[in-house]
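S.K.: What follows is a single structure, and I will ask about it in a moment.
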Amino acid sequence: MSRPDIIFIKSDDHAARAASAHGEIFKAMLEKLDAKQADIGDVPEHDSAAA
1 MSRPDIIFIK SDDHAARAAS AHGEIFKAML EKLDAKQADI GDVPEHDSAA A
């Protein structure tokens, strides 16, 4: 008996949710970096509000 081929389809909805989650993680990282730089008196070289 042969095993049927299995096809995995990644939906666009899943990709959109993943991209959104990654964007939120990136924004949180920038906020933490900005706070750390402010603590040591450094000026951020990026605009985290634009991210």
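Heads up, the sequence shown is in UniProt numbering, so the first residue is 1 and it goes up one at a time.
All residues carry an ideal CB built from backbone N, CA and C; glycine is no exception.
Keep in mind it's a predicted model, so treat the numbers as computed, not measured.
Between which residues of its own chain and D13 is the CB-CB distance below 7 Å, once the five residues before and five after are set aside?
M.R.: Here residue 13 refers to the residue found at position 13 of the sequence shown. Contacts found: none.
S.K.: Rounded to the nearest angstrom, what separates R17 and L30 at their Cα positions?
M.R.: On the sequence shown, position 17 is the one that residue 17 refers to. On the sequence shown, position 30 is the one that residue 30 refers to. One C-alpha to the other measures close to 20 Å.
S.K.: Just verifying my parser: in three-state terms, what is the DSSP assignment at D13?
M.R.: As a first step, residue 13 must be located in the sequence shown, where it is residue number 13. It is helical.
S.K.: With DSSP collapsed to three states, give me the class of G41.
M.R.: As a working note, residue 41 is residue 41 in the sequence shown. Looking at G41 - three-state DSSP - the assignment turns out to be coil, as it is neither helix nor strand.
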